[in-house]
Amino acid sequence: NISPPDLKETFAIGPRDPEKSGMPGRRFPPKPEGMDKVYEDYFTSMEILTGRLLRSFALALDLKEDWFEDKMDRHMCALRALNYPDLEGVDPLPNQLRAGAHTDYGALTILKSGGAGLPGCKE
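FYI, in my numbering the residues of the sequence shown are 1320 to 1442.
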């Protein structure tokens, strides 16, 4: 039973060192100019935020502050930008969704706020 593809567009990058992470190397389109720097800077900011959050979690769990560091040194995180295009004039296939049910991988998922919201499921 194969689901139809999601009705969204995605651009993603992974960690800077593909050999350490096992993920593909970063590739950027030639335009818009400067996109690579913006994404790389934001990715670095999210890595810093993740480190701070993990140190806070460790302390809250009465662990040493650096407890997560050696467990996250080969992370496979991804920075994804999603676009949900206007569906006017589009006739979706049966059971076709904007983003189908899925499970995120890794220790954290950090979402940028400001959109319509993210529906969740308890199951």
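No residue lacks a Cβ here, since even glycine has one placed at the ideal position from N, Cα and C.
What you are looking at is a predicted structure, and each value in this text was computed from that prediction instead of being measured.
What are the boundary residues of the alpha helix (DSSP H) that residue i is part of?
{"i": "I1367", "result": "1354-1379"}
{"i": "S1340", "result": "1337-1340"}
Looking only at DSSP bridge pairs, what is residue i linked to?
{"i": "E1328", "result": "N1402"}
Under the rule that 16 or more other beta-carbon atoms within 10 Å means buried, what is residue i, buried or exposed?
{"i": "G1344", "result": "exposed"}
{"i": "I1332", "result": "buried"}
{"i": "L1368", "result": "exposed"}
By Cβ distance, which residues of its chain are closer than 8 Å to residue i, with the 5 residues on each side in sequence left out?
{"i": "M1342", "result": "G1333, P1334, M1395, A1397"}
{"i": "M1354", "result": "F1347, P1348"}
{"i": "I1359", "result": "Rather than Ile, the amino acid found at residue 1359 in this sequence is Glu. Hits under 8 Å: I1332, R1335, R1345."}
Excluding the 5 residues preceding and the 5 following residue i in the sequence, name in chain order all residues of the same chain whose CB lies nearer than 7 Å to its CB.
{"i": "M1365", "result": "L1398, I1429"}
{"i": "G1419", "result": "S1322, D1325"}
Among residues of its own chain, excluding the 5 on either side of residue i, which ones have a beta-carbon nearer than 6 Å to its beta-carbon?
{"i": "E1328", "result": "N1402"}
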